[in-house]
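**Student:**
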């Protein structure tokens, strides 16, 4: 329990507080979680204080220090102090008194509060990073929109807008608005205040008529295609009957002439066959 309370961080923090270099709640400063500038200042003050104490102690001679140590050990090991020395080496009660426990508990509470503060600082830092990234993305988007909307940018070479030109433009706009208001009140307000037209409930009749008209148009188109096809077939038949396309006896003949010739040959063949049978 005693070792848990007296960690190295607690000892350094207690020492820095006694030397008036930091506060008891500066746990982040001892653990290295504070800002670099604050840590450097703390280390510089600590090293300066340690250097001053070592320089003051270095002025004593080695022989004098040895003599003082021997006198201290002799007095400590004397018969008058043996009982106190035995109680010190083998204590019968806990070394942690009530006031010391309260102090250690307070230091632990401050350490937890400082740790919670450091976690809050880290969360705030993460939130700050997210907001920074969002600002960068928004800035990039605005730059892209600015490039796309070049027509909204004012040309530096164009002449500035003079007050007289602005006055003329406002006057023209006022005249146009007055003319529009007069025309609207005179001609269009009556139409705007009219009730909307009421449609006939017999809409299915119009749908039926529309469907029948579409069917009639389709039939008429089919009849037109049939007439075109019939005229094409008639023209082909006429060409076949009138044009000389078929060879016979070294000459071209029409289809009708060839059919007559074939019919004549067939009749002669039948006559010859009947005579031979009789």
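Numbering (my numbering), first residue to last: 1 to 278. Even for Gly, the Cβ is constructed at its ideal location relative to N, Cα and C. The model shown is predicted, which means the values in this text are computed figures rather than measured ones.
Compute the distance between the beta-carbons of residue 234 and residue 243, then report whether it is under 9 Å.
**Tutor:** Within the chain shown, numbered from 1, the residue matching residue 234 stands at position 234. Within the chain shown, numbered from 1, the residue matching residue 243 stands at position 243. For residue 234 and residue 243, no; Cβs fall outside 9 Å.
**Student:** Could you check if residue 34 is buried or exposed, using at least 16 other CB atoms within 10 Å of its CB as the buried criterion?
**Tutor:** Reading the chain shown from its first residue, position 34 is the one you call residue 34. With 16 or more Cβ atoms within 10 Å of its Cβ, residue 34 is classed as buried.
**Student:** On the DSSP letters alone, give me the boundaries of the alpha helix (DSSP H) that residue 31 sits inside.
**Tutor:** Within the chain shown, numbered from 1, the residue matching residue 31 stands at position 31. Here the alpha helix (DSSP H) through residue 31 covers 27 to 31.
**Student:** Measure the Cβ-Cβ separation of residue 42 and residue 29 and say whether it is below 9 Å.
**Tutor:** Residue 42 sits at position 42 when you count from the first residue of the chain shown. Residue 29 sits at position 29 when you count from the first residue of the chain shown. Cβ atoms of residue 42 and residue 29: closer than 9 Å.
**Student:** With a 10 Å radius around its C-beta and 16 neighbouring C-beta atoms as the bar for buried, classify residue 216 as buried or exposed.
**Tutor:** As a position in the chain shown, residue 216 is number 216, starting the count at 1. Exposed, since its Cβ has fewer than 16 Cβ neighbours within 10 Å.
**Student:** Please say whether residue 46 and residue 21 have beta carbons closer to each other than 9 Å?
**Tutor:** The sequence position of residue 21 within the chain shown is 21, counting from 1. The sequence position of residue 46 within the chain shown is 46, counting from 1. Here residue 21 is near residue 46, since their CB atoms are less than 9 Å apart.
**Student:** Return the chain-ordered list of same chain residues with a C-beta closer than 6 Å to the C-beta of residue 13, the five sequence neighbours on each side being excluded.
**Tutor:** Here residue 13 corresponds to residue number 13 of the chain shown, with the count starting at 1. Taken in chain order, the residues that qualify are 30.
**Student:** Determine the DSSP secondary structure at residue 243, reduced to helix, strand or coil.
**Tutor:** By 1-based counting over the chain shown, the position of residue 243 is 243. Coil.
**Student:** Looking at the secondary structure, which residues open and close the beta strand (DSSP E) in which residue 253 lies?
**Tutor:** Counting from 1 along the chain shown, the entry for residue 253 is found at position 253. Segment 251 to 253, the beta strand (DSSP E) holding residue 253.
**Student:** Measure the alpha-carbon distance for residue 291 versus residue 195 and round it to whole angstroms.
**Tutor:** Shown here, the chain extends from 1 to 278; a query on residue 291 therefore has no answer.
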